[in-house]
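Peer 1: Numbering (the numbering used here), first residue to last: 1 to 329.
Note that CB positions come from ideal geometry on N, CA and C, so glycine has one too.
All values derive from a computational prediction rather than experimental measurement.
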Amino acid sequence: MIDPFGRTVDYLRVSVTDRCDFRCAYCMSEDMSFLPKNQVLSLEELDRLCRSFVELGVRKLRITGGEPLVRRNVMWLFQQLGRHLDSGALDELTVTTNGSQLARHAVDLYACGVRRINVSLDTLNPDKFLAITRWGKFDRVMAGIDAARDAGLAVKINAVALRDFNEDEFDHMLTWCGEKGLDMTLIEAMPMGDIGQNRADQHLALSDVRQTLSEKWNLLPSDHQTGGPASYVTVKETGRRLGFITPLSHNFCESCNRVRLTCTGTLFMCLGQDDAADLRATLRENADDDALKQAILEAIDRKPKGHDFIIDRDADSPAVARHMSVTGG
Ligand code: SAM
Ligand code: SF4
């Protein structure tokens with residue numbers, strides 16, 4: 001699939017549920033309302049959609065949410081998707097998770113062909129962890145990370161960088177990741193969805209964080225590329241990779257290779273734009289996949305050049321109305 005700007009789209013991120021067992025302060029409000037179940041695609045429908053994307057040229061699938069591992073029977077979907085790895089149609093199947101259910105799923109994920117996962121963890125302080133996730137259990141996430149490593153999964157820690165919250169912790173987290181053999185990525189908070197507070201208060205520029213870290217650590221340039229908004233360095237002292245995701249800068253849109261599917265079958269061609277295609281109607285109205293594939297190709301033809309994120313101190317509404325848990329990031 002090639003978009004109007006000549007970019008090959010071969011990476012699909014799929015949110016399999018909007019529900020979550022955490023309520024991270026930057027992601028959701030505490031009284032978040034979720035979709036009625038009848039609007040959410042069945043696992044069979046998600047499988048069918050993913051298969052169509054793979055047949056159209058998607059080589060990498062990331063399962064996300066909400067919290068993907070709280071969706072009932074989600075391992076069935078992983079098993080189906082794993083078959084595309086066996087056939088060679090798919091290069092990689094990955095997942096982004098908060099880690100709460102990893103201890104019971106890590107071995108099965110590996111068996112389905114998953115080799116790398118992202119675990120979101122913003123702090124190593126159990127009290128701060130409870131404050132930011134509101135409902136999270138720190139020890140369970142730690143056990144989940146260990147179970148994933150034991151199962152043979154490579155783990156990357158994703159931490160959202162938040163002013164006055166974890167900016168003094170990254171140094172310690174780098175040490176911890178080095179000891180555990182984990183890569184780490186820092187993410188700038190994005191203005192997505194109403195969370196009941198002004199986002200400008202949370203915003204922390206990663207260029208400043210990088211500068212501070214480079215005073216203590218040797219950050220060696222790395223040519224690792226994912227087509228996304230991350231730039232990477234290798235931490236010489238630990239040998240592990242450190243990424244910086246700066247979604248508010250525009251310099252990654254030229255290489256964007258991805259689209260995002262929500263659990264209701266809505267395809268977003270850009271994380272930072274509202275235009276979307278409703279694939280659920282096409283999916284449910286047609287028993288064969290031709291019309292579905294046609295709808296996907298038409299959507300790719302509308303993929304925008306880039307996003308319009310800004311965090312404006314005076315703006316009282318988010319740049320994009322939907323929450324990150326809708327598209328999974
Ligand atoms: N529940 C899973 C998890 O937390 O990893 C997967 C979904 S979560 C929406 C995906 C990622 O988006 C997490 O790493 C989370 O920290 C990040 N995220 C959520 N809201 C965000 C925001 N407003 N800005 C930046 N990152 C955000
Ligand atoms: Fe849930 Fe992930 Fe959002 Fe946290 S970031 S509330 S774990 S979906």
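With DSSP run on the structure shown, which of helix, strand or coil describes Arg322?
Peer 2: Three-state DSSP puts Arg322 in coil, outside helix and strand.
Peer 1: According to DSSP, Ser15 sits in a beta bridge with which residue or residues?
Peer 2: In the DSSP output, where bridge partners are listed per residue, Ser15 has Thr64.
Peer 1: Can you list every residue whose CB sits closer than 7 Å to some heavy atom of the ligand SF4, going in chain order?
Peer 2: After applying the 7 Å Cβ criterion, the set is Cys20, Phe22, Arg23, Cys24, Cys27, Met28, Gly65, Gly66, Glu67, Asn98, Ser120, Thr133, Met324 and Ser325.
Peer 1: Based on the DSSP secondary-structure assignment, which residues constitute the bridge partners of Val233?
Peer 2: According to DSSP, which records beta bridges pairwise, Val233 is partnered with Pro221 and Leu242.
Peer 1: Looking at the ligand SAM, does it come within less than 8 Å of Pro221, judged from the CB to the closest heavy atom?
Peer 2: No, the beta carbon of Pro221 sits no closer than 8 Å to any heavy atom of the ligand SAM.
Peer 1: My assumption, with CB atoms under 8 Å, is that Ala148 sits in contact with Leu77. Please give the rounded CB distance.
Peer 2: Not confirmed; about 18 Å, so no contact.
Peer 1: Report yes or no: do the segment 260-278 and the segment 295-309 share at least 3 C-beta pairs separated by less than 8 Å?
Peer 2: Yes, the segment 260-278 touches the segment 295-309.
Peer 1: Quick one: grab the DSSP three-state call for Ser214.
Peer 2: Residue state, collapsed to three classes: helix.
Peer 1: Considering only heavy atoms of the ligand SAM, does any lie closer than 8 Å to the CB of Gly57?
Peer 2: No, the Cβ of Gly57 stays beyond 8 Å of every heavy atom of the ligand SAM.
Peer 1: Taking only the alpha-carbon atoms, compute the straight-line gap between Leu35 and Glu237 and give it to the nearest angstrom.
Peer 2: When rounded, the distance between both Cα atoms is 46 Å.
Peer 1: Nearest-angstrom Cα distance between Leu121 and Asn98?
Peer 2: For Leu121 and Asn98, the distance between alpha carbons rounds to 7 Å.
Peer 1: From this set, His172, Ile63, Thr133 and Ile117, which residue's C-alpha is nearest Lys216's C-alpha?
Peer 2: It is His172.
Peer 1: Since I believe Ser29 is in contact with Gly196 (beta carbons under 8 Å), could you give me their beta-carbon distance rounded to a whole number of angstroms?
Peer 2: About 5 Å separates the two Cβ atoms, so the contact holds.
Peer 1: Could you check which residue in Pro68, Arg134 and Val209 has the C-alpha nearest to that of Gly161?
Peer 2: The question names Gly, but residue 161 is Ala in the sequence shown. The candidate whose alpha carbon is nearest that of Ala161 is Val209.
Peer 1: Does the segment 275-283 come close enough to the segment 11-26 to have 3 or more Cβ pairs within less than 8 Å?
Peer 2: Because the criterion of three Cβ pairs below 8 Å is not met, the segment 275-283 and the segment 11-26 do not touch.
Peer 1: Can you check the segment 103-159 for any beta strand (DSSP E) of at least 3 residues that lies completely inside it and give the ranges in chain order?
Peer 2: Counting whole runs of 3 or more residues, the segment 103-159 contains the beta strand (DSSP E) stretches 116-120.
Peer 1: Distance check for Thr246 and Ser33, CA to CA, integer angstroms please.
Peer 2: Straight-line Cα distance between these residues: approximately 28 Å.
Peer 1: How should Asn158 be labelled, buried or exposed, when 16 other C-beta atoms within 10 angstroms of its C-beta is the threshold for buried?
Peer 2: When all chains shown are included, Asn158 counts as buried.
Peer 1: Start and end of the alpha helix (DSSP H) containing Met173?
Peer 2: Per DSSP, Met173 belongs to the alpha helix (DSSP H) from Phe170 to Lys180.
Peer 1: Using the three-state DSSP reduction, which class does Phe332 fall into: helix, strand or coil?
Peer 2: Given a span of 1 to 329 for the chain in the structure shown, any question on residue 332 remains unanswerable.
Peer 1: Under 8 Å from any heavy atom of the ligand SAM, does the C-beta of Cys145 make it?
Peer 2: Sequence check: residue 145 is Ile here, not Cys. Checking every heavy atom of the ligand SAM against the Cβ of Ile145, none is found closer than 8 Å.
Peer 1: Note down the Cα distance separating Ser100 from Ala299, rounded to an integer number of angstroms.
Peer 2: Each residue's alpha carbon lies about 34 Å from the other.
Peer 1: Does the segment 103-119 come close enough to the segment 44-51 that 3 or more CB-CB pairs lie under 8 Å?
Peer 2: Counting Cβ pairs under 8 Å, fewer than three are found: no touch.
Peer 1: Report whether the distance from the Cβ of Ile2 to the nearest heavy atom of the ligand SAM is below 8 Å.
Peer 2: Ile2: no, Cβ never under 8 Å from the ligand SAM.
Peer 1: When we look at the beta-carbon of Gln202 and count the other beta-carbons within 10 Å, is it buried (16 or more) or exposed?
Peer 2: By the neighbour-count rule (16 or more Cβ atoms within 10 Å), Gln202 is buried.
Peer 1: Under the rule that 16 or more other beta-carbon atoms within 10 Å means buried, what is His84, buried or exposed?
Peer 2: Buried, since its Cβ has 16 or more Cβ neighbours within 10 Å.
Peer 1: Taking one C-beta from the segment 318-327 and one from the segment 187-194 each time, how about it: are there three or more such pairs within less than 8 Å?
Peer 2: Yes: the two stretches touch, three or more of their Cβ pairs being nearer than 8 Å.
Peer 1: So the candidates are Phe138, Asn166 and Leu213; which of them puts its Cα closest to the Cα of Val119?
Peer 2: Here the closest residue by C-alpha is Phe138.
Peer 1: Please report the distance separating the alpha-carbon of Val65 from that of Thr264.
Peer 2: For the sequence presented, residue 65 should be read as Gly rather than Val. Roughly 12 Å separates the two Cα atoms.
Peer 1: Am I right that Leu182 and Arg240 are in contact with their C-beta atoms under 8 Å? What's the rounded C-beta distance?
Peer 2: Between Arg240 and Leu182 the Cβ distance is about 7 Å, and since that is below 8 Å, they are a contact.
Peer 1: Tell me which residues share the same chain as Asp86 and place their Cβ nearer than 8 Å to its Cβ, disregarding the 5 neighbours each side in the sequence.
Peer 2: Excluding positions up to five away in sequence, the list reads Gly113.
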